[in-house]
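Structure first, commentary second.
There are 2 protein chains.
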Amino acid sequence: MSARYPAPVARTRLSIERGTDKPLYRQLREALEHEIAAGALDPMRPLPSSRELARELGVSRNTVNTAYLELESEGFVEARPRSGLFVNRDMLRELRRGLPAAAVAEPVDWSRHLQALPDAGLPEIAKVRDWQSYPFPFVAGQVDVSSFPRLPWLRALREALEPAHLHDSLRDGVDEDDPMLVEELCRHVLPARGIEADPAQVLVTLGAQQGLDLLAHALVRPGSVVGVEEPGYLDARRIFLRAGATLRPIEVDGAGMVPPEDPAGLSLVHLTPSHHSPTNVTLSIARRRRLLALAATHDLLLVEDDYDSEFRYHGSPTPALKALPDSERVVYLGTFSKFLAPGLRLGYLVAAPELVEELRRLRRYRIRHASGHTQRAMALLIANGQYHRTVRRRRTQLAQRWATLRDALQAELPWQVEAPPGGVSIWLPGPPGLDCVELAAAALRQGVVVERGDIYFTDPERHRENLRLGFAAITPEAIVPGVRILAGLVRRQLG
Amino acid sequence: MSARYPAPVARTRLSIERGTDKPLYRQLREALEHEIAAGALDPMRPLPSSRELARELGVSRNTVNTAYLELESEGFVEARPRSGLFVNRDMLRELRRGLPAAAVAEPVDWSRHLQALPDAGLPEIAKVRDWQSYPFPFVAGQVDVSSFPRLPWLRALREALEPAHLHDSLRDGVDEDDPMLVEELCRHVLPARGIEADPAQVLVTLGAQQGLDLLAHALVRPGSVVGVEEPGYLDARRIFLRAGATLRPIEVDGAGMVPPEDPAGLSLVHLTPSHHSPTNVTLSIARRRRLLALAATHDLLLVEDDYDSEFRYHGSPTPALKALPDSERVVYLGTFSKFLAPGLRLGYLVAAPELVEELRRLRRYRIRHASGHTQRAMALLIANGQYHRTVRRRRTQLAQRWATLRDALQAELPWQVEAPPGGVSIWLPGPPGLDCVELAAAALRQGVVVERGDIYFTDPERHRENLRLGFAAITPEAIVPGVRILAGLVRRQLG
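Here the protein sequences come in this chain order: C and H.
Be aware that the first sequence starts at 1, since it is given in my numbering, and climbs by one per residue.
Be aware that the second sequence starts at 1, since it is given in my numbering, and climbs by one per residue.
So this is what it looks like as structure tokens:
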């Protein structure tokens, strides 16, 4: 034993067990840590050299070195040039301050840290979460997974990891989107909606919803007045409320949103022109022009939420508001959720370059960007034509389900049912006396999932005669029997 | 010609061209829309029947019916029971109000709609965007794509679309995460960091960054004081500033963050205990305990950003702050970005169930959730052991690059270089006189991408002697020649 080192601590206190799961260096490190914390090692004297300690314990020098390196990097010991390792005295002091026992026991009062959100007063959309386990799921917003283009999508995902695409799929894009996806959107997706856009006008989102959230945070400040459709999409209401907006409901009739007579004070209007959510009516061309004129004269921004324009079952889709002349103040929101799958979380928006730049700045510190791999795979799916084939196939499927559901409702319900040829749900305004809350609950007990229509109104109590039936997730064979059960309940309720 | 209908407009005004790309019904619809807008059709009289018009134009009745259906759904015409289709007079009125020509020409003044963000004063991290096209990319935050586990990841993606997983991969989860991924995190990922968590304590994010953003919005209100490491991670500073916080820089030395003597007024502290960003030092155990004690006595929340704890090249990783007793006030942030790929955008956080519930409520109206398909594939990758194999393989690769870079820096640079054994970059505090801004620019001109170290300080001007070299994206062969070029520039600058 060298005179330079104290008697090794190992002999008396450090014990190492062999044959356990815990590696030797780790046992040693923990034992040393314990000794240091307990004050058993003299901070004035160097620790034993690794050679010494290894010999004492019958372990390799490497084991001791690894334990020492860990202790050093965590500050338990410090290396002094030409003197060896010493217990770190600052560390000792801090260890001794320790935890005040009383404070520890106190449970955290989270209400001190959290605050109520400004949308707390709105009803929750009472979605049935396990809808897929019911025989008749007339839910909106979900899709029948059997129609998902599994093989083309997997092929696109695989291609996106080939050398030509690997970097773009995996990189940290910081605030950039996949340039190929943006290019494909401009060349092959937006033109189908009549929209001419260049890449500086396009932002990729995690679905139309993220577009709304980014817009709300860029454009709304406390006190801003935002026009929303009445009835209308609940998520949009919540998102604008959370950003501090005051909502002004704007009436919707059979030709879509009624352009407000006096738009003074409004800073932004959210609308669903292709298929109004939830009633599915299409905004008339005349009203589109009127809204654009109002936007220009009042410097008003229009958010065109085009969440399911692909699904029109007669004729071609109406051109987007964003496709009309003088639509600089229109922000267009699109999504891949409705025809591919909501679980992919991919959408896009089109707006003036100045606004896109600002939204990109916001997004960069929220999520950076959507998955590069998913973006590149989608770009490849569009480029190879599978995207359009999938849209067409899905449209044919949905047109059939739409017709089946409409026919069944017209045959079974005791009032005249109208259904505009589009969208993924049918809106059912019932006669006075119908109570959607009770009806939806009774239907659920018989395996039929339908959505309450009252929640889409500012004053739900006065609109309980409305129902909404989605047809994108239900199999075609289940439609007619499901409607029959519902109709039986309706007749019983109307008595 | 029936007496019931007026002379068909088709004869004089409607023209249909054959052999063009535009379908006939669409041409017809546009011609009719034009006639209606021009006031050429008498609103008091019904439009010609589809049979009539079809005969006049020599097209099928179906073509006419499709055009009529579109015009009806857009409000140009309305069907009156037993009388036929009529021009909609409300529509005519609205069309005539039209656009005021003067307003249209006005360009949009976006500065009226947008506002400056509260982080506008911070420096942008001047990342070189096309780093992959340089021969010596010592960038941090990116990965060498050749080390990505392509085949296991594609297998996991394929398995996630098999019947047993399809629903979970594609559904709209609203505010839910993939339960299998959460389970796998609790069982197989968090225990490696010493963390015991149940599913109610876990939230899946789009990367550690989204975790920070959600936390900032749940916990920070204007005037909140947030402690940040000095030097420290710029993105965290920006995110807290944007949420309205005032930042209080807290010194970092060789043992990590120095626990503040007087934490009064602080509501939250962000720190990177495993490998401090950007210097890579590890927070000492004693300071961890001290910070937990301060948190308990001052009801202070600690955000533990554990972005690359997997990458420790000697010994085992330090247990997380969240793994210590009395860590209820610690929020743990993890990510898959660093060892798999930043482009996948997937991470997670662990916190008290009350806080997770609130963050979930916030996330639901921002992005809903991360891609279900990506989540399920990651869950399968963890469950089948490939995740851990990949981490181990990547750690071995990175350990080699770390050693190569450290050795090269020690051999080439004219001062003593120390590098804690972990992370994906080496922090280089240079001697007085070194100017990282000029050096990084000069290096770039010779194909060497290094990061400026000044930007991580509150006062960058006073810290221009610091550099940061990442080693996760550069190939091992490029390390030594890259360091030689850099060292030449350093000697010239100091010389």
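Here a beta-carbon is modelled for each residue, glycine too, at the ideal position from N, C-alpha and C.
Only a predicted model underlies this, so the values are computations on that prediction, with no experimental measurement involved.
Report the option in the options whose CA atom is closest to the CA atom of residue i.
i      : options                       : result
H/Y348 : H/E461, H/A243, H/C186        : H/C186
H/A286 : C/V77, C/S50, C/T63, C/T20    : C/V77
C/M259 : C/L292, C/F457, C/E418        : As written in the sequence, residue 259 of chain C is Pro, which differs from the Met given in the question. Ranking the options by Cα distance to C/P259, first place goes to C/L292.
H/L69  : H/G453, H/L32, H/D42          : H/L32
H/A419 : H/A403, H/Q386, H/G433        : H/A403
H/A245 : H/R89, H/L212, H/V252, H/P137 : H/L212
C/E328 : C/D305, C/G334, C/A352        : C/A352
H/M44  : H/L14, H/S15, H/H34, H/A79    : H/A79
C/G58  : C/F240, C/L24, C/S224, C/E438 : C/L24
C/D90  : C/G39, C/W110, C/L117, C/F138 : C/G39
C/A37  : C/R82, C/R93, C/K22           : C/R93
C/P476 : C/P135, C/E52, C/P107         : C/P135
Taking its Cβ as the centre, do 16 or more other Cβ atoms sit within 10 Å of residue i, making it buried, or is it exposed?
i      : result
C/P375 : The amino acid occupying residue 375 of chain C in the given sequence is Gln; Pro does not appear at that position. The residue is buried, with at least 16 neighbouring Cβ atoms inside 10 Å.
C/A54  : buried
H/A102 : Caution applies to H/A102, whose pLDDT of 43 falls short of 50 and renders its modelled position unreliable; the model cannot decide the point.
C/P48  : buried
H/A197 : buried
H/L151 : exposed
C/S337 : buried
C/E230 : buried
C/N88  : buried
H/T63  : buried
C/G495 : exposed
H/S60  : exposed
C/Q115 : exposed
H/D42  : exposed
H/A164 : exposed
H/R464 : buried
H/D178 : buried
H/H270 : buried
C/R129 : exposed
Verify whether the separation of the beta carbon atoms of residue i and residue j is less than 8 angstroms.
i      : j      : result
C/L170 : H/F148 : yes
C/V174 : H/K127 : yes
H/S277 : H/T318 : no
C/H369 : C/V204 : yes
H/R361 : H/L321 : no
C/P263 : C/L301 : no
H/L467 : H/V448 : no
C/Q281 : C/G265 : Residue 281 of chain C is actually Val in this sequence, not Gln. It is not a contact, given that the beta carbons lie outside the stated cut-off.
H/A473 : H/D144 : yes
H/R242 : H/V226 : no
C/V547 : C/L428 : Outside the shown range of chain C, which is 1 to 495, sits residue 547 of chain C, and nothing can be said about it.
C/S284 : H/G75  : yes
C/A216 : C/G470 : no
H/G121 : H/Y456 : no
C/D511 : H/Q142 : The requested residue 511 of chain C does not occur in the structure, where chain C is confined to residues 1 to 495.
Residues in the same chain with beta-carbon distance under 7 angstroms from residue i, minus the five sequence neighbours each way, listed in chain order, please.
i      : result
H/A408 : I479, V480, V483
H/R29  : A67, E70, L71
C/V104 : The predicted position of C/V104 is uncertain, since its pLDDT is 47 and thus under 50; a value taken from the coordinates is nonetheless stated next. Contacts found: none.
H/R221 : G244
H/D109 : none
Keeping to the same chain, check which residues put their C-beta closer than 8 angstroms to that of residue i; ignore five residues upstream and five downstream.
i      : result
C/R112 : none
C/R492 : none
Output needed for residue i: all residues of its chain with C-beta closer than 6 angstroms, excluding positions within five of it in sequence on either side, in chain order.
i      : result
C/A377 : A156, L157, A160
H/T20  : none
H/G207 : T335, S337, R345, G347
C/Q27  : I16
C/L486 : A443, V448
C/G430 : E465
Ordered list of beta strand (DSSP E) runs contained in the region 445-479 of chain C, each at least 3 residues: For secondary structure counted as the beta strand (DSSP E) over 3 or more consecutive residues, the region 445-479 of chain C holds these complete runs in sequence order: 466-470.
Whole beta strand (DSSP E) elements within the region 327-388 of chain H, 3-residue minimum: Residue ranges of uninterrupted beta strand (DSSP E) with 3 or more members, entirely inside the region 327-388 of chain H and ordered along the chain, are 330-335, 347-350.
Runs of alpha helix (DSSP H) wholly within the region 158-193 of chain H (minimum 4 residues, chain order): Here the runs fully enclosed are 163-170, 179-184.
Segments assigned beta strand (DSSP E), at least 3 residues, entirely inside the region 188-265 of chain C: 202-205, 225-230, 246-253
Segments of 4+ residues assigned as alpha helix (DSSP H) that fall wholly inside the region 51-138 of chain C: 61-73, 89-97, 101-105
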